[in-house]
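K.L.:
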Ligand code: SF4
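Numbering (full-length UniProt numbering), first residue to last: 18 to 744.
1) Suppose you measure from the CA of residue 466 to the CA of residue 89; what does that come to, to the nearest Å?
2) Which residues, in chain order, sit with a beta-carbon under 6 Å away from any heavy atom of the ligand SF4?
3) With a floor of 3 residues, list each beta strand (DSSP E) that falls wholly inside the region 443-495, ordered by position along the chain.
4) Report the start-end ranges of each beta strand (DSSP E) in the region 567-612 that is 3 residues or longer and not cut off at the edges.
5) Could you tell me whether the region 297-316 touches the region 181-198, using the rule of 3 or more Cβ pairs below 8 Å?
6) My parser needs the beta strand (DSSP E) runs of 3 or more residues fully inside the region 354-389; what are they?
7) Do residue 416 and residue 617 have their C-beta atoms within less than 8 Å of each other?
8) Is residue 140 near the ligand ADP, going by C-beta to nearest heavy atom under 7 Å?
9) What did DSSP end up calling residue 520 once you bin it into helix, strand or coil?
10) For residue 667, write down the residues that DSSP places opposite it in a beta bridge.
11) Assuming contact is defined by CB atoms lying nearer than 8 Å, are residue 643 and residue 665 in contact in what I supplied?
12) Can you find the residues in the same chain that come closer than 7 Å, C-beta to C-beta, to residue 25, ignoring five residues on each side of it along the sequence?
13) So, helix, strand or coil for residue 686, using DSSP?
14) Provide the residue(s) that pair with residue 250 in DSSP beta bridges, ordered along the chain.
15) On the three-pair Cβ rule with 8 Å, is the region 648-664 touching the region 675-686?
16) Is the region 440-448 touching the region 399-414 in the sense that three or more CB pairs, one from each, lie closer than 8 Å?
17) Mark residue 385 as exposed unless 16 or more other C-beta atoms lie within 10 angstroms of its C-beta, in which case mark it buried.
18) With residue 189 and residue 221 assumed to form a contact (beta carbons below 8 Å), what rounded beta-carbon distance in angstroms separates them?
19) How big is the Cα-Cα spacing for residue 54 and residue 724?
20) When we look at the beta-carbon of residue 608 and count the other beta-carbons within 10 Å, is it buried (16 or more) or exposed?
21) What residues in its chain sit with their C-beta under 6 Å from that of residue 336, if we drop five residues either side in the sequence?
22) Please determine, among 521, 501, 200 and 523, the residue with the shortest C-alpha to C-alpha distance to residue 104.
23) Between the region 357-367 and the region 157-172, do at least 3 Cβ pairs fall closer than 8 Å?
24) Leaving out five residues on either side along the sequence, give the residues of the same chain with a beta carbon under 8 Å from the beta carbon of residue 581.
25) Quick one: what's got a C-beta closer than 6 Å to residue 735's C-beta in the same chain, skipping five residues either side?
26) From what residue to what residue does the beta strand (DSSP E) around residue 425 run?
27) Between the region 428-438 and the region 49-68, do at least 3 Cβ pairs fall closer than 8 Å?
28) DSSP state of residue 101, grouped into three classes?
29) What does the alpha-carbon distance come out to for the pair residue 281 and residue 344?
30) Does DSSP put residue 722 in a helix, in a strand, or in coil?
31) Quick one: what does DSSP say residue 172 is sitting in, helix, strand or coil?
32) When DSSP labels each residue in this structure, what does residue 641 get in the three-state scheme?
33) Check for me: the beta strand (DSSP E) holding residue 45 runs from which residue to which?
34) Rounded to a whole number of angstroms, what is the C-alpha to C-alpha distance between residue 274 and residue 338?
35) Label residue 79 either buried or exposed according to how many other C-beta atoms from any shown protein chain fall within 10 Å of its C-beta, with 16 as the threshold for buried.
What follows is the structure in structure tokens.
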């Protein structure tokens, strides 16, 4: 797109899609975005952009803004009425009154906040303070619960802190890449370009991919392990068993820097190659090769994502992989380490400010009384409530049962993305008040809003995000706020100050908890909260981010640059300073295939779409890779059922049903099926068990979750697939 002559500006920002966190240069004429290109100076992408990132400007066209954007507040006072346009004043006054009365009648835990890894760190910080600091409830959780919480729990259990040790540069320094549960080529495309380039430059760099599907990533592997869904713990324990047997573990490192190995050793003794090969559905010789390559490698880097996380044993999967790294000393050195890739652009920032039901600011734990007292001191409040907050699935269940009366949803679309949609939609129908803070009025969740608060979005916001390698980027707005939209942090503090007045804060000489005039003040408060913590960023000012560009944490006061890699000294942020082996035991998927539901359905990303398609669904060219939803099945299964490519089929689980075209795929085993996660009710017909609407693929998924991370098993459900009878 050619910018208007003479009025062109160029502003550095980041792509708002995945956790690679690519830098973009946004070209603008001051009124509209006229183009984007990769930022050659950004250390995440060095100028490259994928199909999604390179079409970002098309999502900000003024015509589109009018069609899909929420541009002014709307309210309704009866569920069966239409929402009407309202002023900001009356909307925020109404919300403050309603929340205050509800808290007085039913207590602070009658309010719930469900926010998003798409928010900026500053937005997240004030939301968290509003819930935990002002209202006094820990009922604040985020859609990152659906993507990253198993990685958080895995890191904390083993290494003592939620901190990915490696960095992107390690891809170029590795001798072995072990990609598990991640179709990196689709989900983190620019990182994958780095992988391709590293392999071109270093032919000795090997790549193992473990995945139930032969994805584009798997096709490039030197060794592909087509494991059965959910068998990752068995695979990692089996690899460790072989490493032990073949003396490929690093006894000295284990002795000096870890604890708990004896217990783990007694468990992995049972994971013989024969047992593991049978459990995982792979060849024994491939398992042995994988273990040898891993144990013998000078530097093994694991890259993993939702295939590990979105599981009822997600934490165990993460911990078992980290066990393997610790035992073989594949951590804390160039080219090595367990590297969890974040799905969303700022899932990391949300974790840093503690924007989840079980976390507090700066990687503190809600369950720790000292941490609660520290945060109370920082915020100038009497106490942070000790009662655990509801995590994502629990929160909507509490809405459904009436325990939570008011649900405030920001920048996310649970009426499409949460598992077991029939229950989620029932919850939204039964809530006393649904507040939706959104840039897009077109989401399925916006349909349930009693109050719609229009939010700014990419190219309009100012603040910071953190990508997968702990790198923080600051950016400024390119465009003015459209219509009456406000920034997310602004809405929170405008509401919070009204609520403070109602709650009497200020009368006794206390000052507002939200004294900010801009995002920099919020950032500075967040920075201060990290003092002495593992992610200390007390030295990282906006000015440094502006002058020196994106920086990795930790970046304590006095530092001149961020920390590339963690744990190079072998000291871990645990009480003993040692990393901990976790005794991980393989558990099968929650819902095994059986005679009635004989297929194992797995879900995943398509190359050119993002989440529920609120943004990517507005760009025609992003449909050229996959133009419609489909269920992929093995040719063998289709032939047995006399199905041809394009035949419409019913895909049915215990929770709902979809009608989709079936497509044969050479990349799927018999007995398995795959549906892309992005397509919502506009694209798929069918219904949930509530009999209402289509609900997208999450009509089928199961809400069972990992007991440690509370992350749901979005990656696996048992289904039946029957040819649809045409009328
Ligand atoms: Fe955006 Fe991710 Fe693509 Fe980079 S790889 S351009 S962050 S979607």
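All C-beta atoms in this analysis are idealised placements derived from N, C-alpha and C, irrespective of residue type, glycine included.
P.N.:
For this structure:
1) 14 Å
2) 32, 34, 35, 37, 38, 39, 62, 66, 67, 69, 70, 205, 206 and 207
3) 450-455, 468-471, 480-483 and 488-492
4) none
5) yes
6) 354-357
7) no
8) The ligand ADP is not part of the structure shown, which contains the ligand SF4 as its ligands.
9) helix
10) 676 and 739
11) no
12) 44 and 46
13) coil
14) Residue 250 pairs with nothing; no bridge assigned.
15) yes
16) yes
17) exposed
18) With a Cβ gap of about 13 Å, residue 189 and residue 221 do not count as contacting.
19) 43 Å
20) buried
21) 171, 174, 175, 599 and 601
22) 501
23) yes
24) 184, 186 and 569
25) 608, 610 and 614
26) 423-427
27) no
28) strand
29) 10 Å
30) strand
31) helix
32) coil
33) 40-45
34) 17 Å
35) exposed
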